[in-house]
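Let me begin by presenting the structure, written as structure tokens, before commenting on it.
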Amino acid sequence: MPSYETITVEKRNAVAVLTINRPDKLNALNKLVHRESVTALDELRRDKSIRVLVFTGAGEKSFVAGADISEFQEQTPVSQRDLFHEKTLFNSIDTFPKPVIAMINGFCLGGGNELALACDLRVCSENAKFSQPEINLGLIPGGGGTQRLARLIGEGRAMEIMLTGDMIDAQTAFKFGLVNHVYPLAELEEKTMELANKIADKAPIALQLAKEAVKFASRSNLDEGLRREVDLFALCFSTEDKQEGVSAFLEKRKAVFKGK
Ligand code: COA
Numbered sequence: 234m235p236s237y238e239t240i241t242v243e244k245r246n247a248v249a250v251l252t253i254n255r256p257d258k259l260n261a262l263n264k265l266v267h268r269e270s271v272t273a274l275d276e277l278r279r280d281k282s283i284r285v286l287v288f289t290g291a292g293e294k295s296f297v298a299g300a301d302i303s304e305f306q307e308q309t310p311v312s313q314r315d316l317f318h319e320k321t322l323f324n325s326i327d328t329f330p331k332p333v334i335a336m337i338n339g340f341c342l343g344g345g346n347e348l349a350l351a352c353d354l355r356v357c358s359e360n361a362k363f364s365q366p367e368i369n370l371g372l373i374p375g376g377g378g379t380q381r382l383a384r385l386i387g388e389g390r391a392m393e394i395m396l397t398g399d400m401i402d403a404q405t406a407f408k409f410g411l412v413n414h415v416y417p418l419a420e421l422e423e424k425t426m427e428l429a430n431k432i433a434d435k436a437p438i439a440l441q442l443a444k445e446a447v448k449f450a451s452r453s454n455l456d457e458g459l460r461r462e463v464d465l466f467a468l469c470f471s472t473e474d475k476q477e478g479v480s481a482f483l484e485k486r487k488a489v490f491k492g493k
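In terms of this note's numbering, the sequence shown opens at residue 234 and continues consecutively.
The following block contains the structure:
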């Protein structure tokens, strides 16, 4: 792994933890965070030893407090459009072939919430706070928030969050289905790693195909989605891991998956 200025990447057996490391700026996403994270994701995408990725923010106060607002001063419509037409961090997470968990340890605002929404699962601490505050800056979300939030929690709830810019707390986020689990901050890492390791034990190709199938659900109609599911299900039958999973069940032992 190359060394980075604004992020750290730690490999804990089959789980990689990518930490956005600008705690003095509440881990706001500047251009360098975007660039370095995309590079790290490209690396982790190819790394066969890594089966699950966890995204988090440094410190105990903030996951990510949004886009770095200081960079908005210099942005023109054209430069902003070019930036989001590049290979963005949001798209890199969305297309990452392995499960990605957002471990949300505090403020999860604007682009931070959009980053979390691009992940597959979201786990947060009790002190986490969520919002899309762009409206307070005369902006709207531009990293997928308007689309992903509405699909995940429904149009009415997403609309209120986007039109008011208000923060919601962890329990409300849980009630809305924005996060999968809420834990005391002191337990967040342990519980998230338990979940990550549980998933990392499963068959990697089946995980990838399950992800692809579920993501297709909000991007297609039911008939297309069901057809895609049948094709991906059939594809699993070409893997050694399917043989191993079935044999292990019949032989009453734990399956050992190799990602083949
Ligand atoms: N972009 C750039 N810098 C940010 C930032 C952001 N999105 N969010 C926080 N920071 C910086 C602050 O400017 C401050 O820097 P400084 O110490 O050099 O002045 C530092 O992080 C700490 O933030 P501060 O505002 O002092 O902390 P707080 O606890 O009083 O307030 C927030 C926390 C999250 C309520 C407040 O920082 C905030 O509203 N941030 C902006 C959130 C936002 O609108 N994000 C969406 C952008 S589209």
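Every residue, glycine too, gets a C-beta built ideally from N, C-alpha and C.
When we look at the beta-carbon of residue i and count the other beta-carbons within 10 Å, is it buried (16 or more) or exposed?
i: Lys238; result: It should be noted that the sequence gives Glu, not Lys, for residue 238. Glu238 should be labelled exposed.
i: Gln232; result: No information on residue 232 is available, as it lies outside the stretch 234 to 493 that the chain covers here.
i: Met395; result: buried
i: Lys331; result: buried
i: Asn346; result: buried
i: Ala467; result: exposed
i: Lys485; result: exposed
i: Met426; result: buried
i: Gln365; result: buried
i: Ala300; result: buried
i: Asp315; result: exposed
i: Thr472; result: buried
i: Asn454; result: exposed
i: Asn260; result: buried
i: Pro417; result: exposed
i: Ala419; result: exposed
i: Pro374; result: buried
i: His267; result: buried
i: Val250; result: buried
i: Val242; result: buried
i: Ser358; result: buried
i: Val463; result: exposed
i: Leu459; result: exposed
Give me, in chain order, the residues of the same chain whose beta-carbon lies closer than 6 Å to that of residue i; leave out the 5 immediate sequence neighbours on both sides.
i: Arg461; result: Phe449
i: Gln441; result: Pro330
i: Gly378; result: Glu347, Gln365
i: Ile401; result: Phe363
I believe residue i touches residue j by the beta-carbon criterion, under 8 Å. Please report the beta-carbon distance rounded to the nearest angstrom.
i: Gly376; j: Phe323; result: 5 Å
i: Ser295; j: Gly339; result: 4 Å
i: Val297; j: Ile368; result: About 18 Å separates the two Cβ atoms, so there is no contact after all.
i: Val285; j: Ile432; result: 5 Å
i: Asp474; j: Lys487; result: About 13 Å; that fails the 8 Å criterion.
i: Ser282; j: Ala247; result: 7 Å
i: Phe363; j: Ala406; result: 5 Å
i: Leu465; j: Ala481; result: Not quite, the Cβ-Cβ distance comes to about 22 Å (not below 8 Å), so this is no contact.
i: Gly478; j: Ala436; result: 6 Å
i: Pro523; j: Ala291; result: Residue 523 lies beyond the range of the chain shown here (234 to 493); nothing can be said about it.
i: Asn221; j: Glu304; result: Since the first residue shown for the chain is 234 and the last is 493, residue 221 is missing from the structure and cannot be characterised.
So, at 7 Å on beta carbons, what are the nonlocal neighbours of residue i in its own chain, with the 5 sequence-adjacent residues on each side left out?
i: Arg226; result: The requested residue 226 does not occur in the structure, where the chain is confined to residues 234 to 493.
i: Ala391; result: Leu382, Ala383
Excluding sequence positions up to five away, which residues of its chain have a Cβ less than 8 Å from the Cβ of residue i?
i: Ile326; result: Leu274, Phe288, Val333, Leu348, Ala351, Cys352
i: Leu265; result: Glu238, Thr239
i: Ile302; result: Ala261, Leu370
i: Gly398; result: Ser364, Gln365, Pro366, Glu367, Ile368, Asn369
i: Gln313; result: Gly375
i: Thr321; result: His267, Val271, Gly376
So which residues put a beta carbon under 5 Å from any heavy atom of the ligand COA, going in chain order? Lys258, Leu259, Ala261, Ala298, Gly299, Ala300, Asp301, Ile302, Phe340, Leu342, Gly343, Pro366, Glu367
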